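*Asks:* Using the working numbering, the first residue of the sequence shown is number 27, and each one after it goes up by one. Where a beta carbon is used, it is the ideal one built from N, C-alpha and C, also for glycine. What you are looking at is a predicted structure, and each value in this text was computed from that prediction instead of being measured.
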Amino acid sequence: MNYATIKWYDISNGPGVRVSLYVSGCRNRCKNCFNPETWDFCYGEPFTQDIEEKIIKGLAPDYIKGFTLLGGDPFEPENAQAIAPFIERLRKIYPDKSFWCYTGYDYEADLLTGKKGDIDTVMRILKCLDVLVDGRFVEDLKDLNLLFRGSSNQRIILVQPSLESDEVVLWDEKTIV
Numbered sequence: 027m028n029y030a031t032i033k034w035y036d037i038s039n040g041p042g043v044r045v046s047l048y049v050s051g052c053r054n055r056c057k058n059c060f061n062p063e064t065w066d067f068c069y070g071e072p073f074t075q076d077i078e079e080k081i082i083k084g085l086a087p088d089y090i091k092g093f094t095l096l097g098g099d100p101f102e103p104e105n106a107q108a109i110a111p112f113i114e115r116l117r118k119i120y121p122d123k124s125f126w127c128y129t130g131y132d133y134e135a136d137l138l139t140g141k142k143g144d145i146d147t148v149m150r151i152l153k154c155l156d157v158l159v160d161g162r163f164v165e166d167l168k169d170l171n172l173l174f175r176g177s178s179n180q181r182i183i184l185v186q187p188s189l190e191s192d193e194v195v196l197w198d199e200k201t202i203v
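1. Please state whether DSSP places F112 in a helix, a strand or coil.
2. Give the single residue among K33, Y120, L155 whose Cα lies nearest to the Cα of W126.
3. Residues in the same chain with beta-carbon distance under 6 Å from N105, minus the five sequence neighbours each way, listed in chain order, please.
4. Enumerate in chain order the residues of its own chain whose CB-to-CB distance from E102 is below 7 Å, with the five nearest sequence positions on each side excluded.
5. For the segment 39 to 116, list the beta strand (DSSP E) runs that are entirely contained and at least 3 residues long, ordered along the chain.
6. Taking Cβ to Cβ, would you say G40 is nearer than 8 Å to T129?
7. Return the chain-ordered ranges of every alpha helix (DSSP H) run that is complete within the segment 159 to 199 and spans a minimum of 4 residues.
8. Measuring straight from C-alpha to C-alpha, what distance separates Y29 and D192?
Take a look at the structure:
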């Protein structure tokens, strides 16, 4: 897997100051995507053990509230294979930090059905996430007033309550995650 960039002090992709990893590779290719260079799976640099260690160290300060995955798309099968063991490791090291992920795929239709990649790998990732922002960016539904998403069709899903109840539970601004 390649990654496009790492933002060490990100405040726009989840609450608080976060470390955000932008993976490379996305087949959705949403019109007017804010990050089209990340569509290419070969863009950026290889995601190595050294990069993993840097992210682990970057998450250590108390003022860093969490980790966000985006891209590109972390749930592309090529990315998910590398993401699953890494995010499981992060979750063990930092059980009290929040873990957010952005995907252009639909939580129920694509991820939970196994339609998007290996279902076991997808579930390994989902079980480590607190929040998933799902859905393609749709230019006609763009709204600059939305918090943590670009278009109104995108949902901010509380993953663990959703997995437990087998129904989508949405995040709101009052929820601390």
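*Replies:* Short version:
1. As a first step, residue 112 is located in the sequence shown; it is residue number 86 there, counting from the start. The answer is helix: DSSP assigns F112 an H, G or I state.
2. Mapped onto the sequence shown, residue 126 falls at position 100. The closest CA to that of W126, considering only K33, Y120, L155, is found on L155.
3. As a first step, residue 105 must be located in the sequence shown, where it is residue number 79. Result list for N105: M27, V49, G51, in chain order.
4. Along the sequence shown, read from residue 1 onward, the residue named residue 102 stands at position 76. Within the same chain, E102 has close Cβ partners G51, C52, R53.
5. Whole beta strand (DSSP E) segments, 3+ residues: 43 to 49, 90 to 97.
6. As a first step, residue 40 is located in the sequence shown; it is residue number 14 there, counting from the start. As a first step, residue 129 is located in the sequence shown; it is residue number 103 there, counting from the start. It is not a contact, given that the beta carbons lie outside the stated cut-off.
7. The DSSP assignment places complete alpha helix (DSSP H) segments of no fewer than 4 residues inside the segment 159 to 199 at 185 to 191, in order along the chain.
8. Stepping through the sequence shown from its first residue, residue 29 is reached at position 3. Stepping through the sequence shown from its first residue, residue 192 is reached at position 166. In this structure, the straight-line span from the alpha carbon of Y29 to that of D192 is close to 32 Å.
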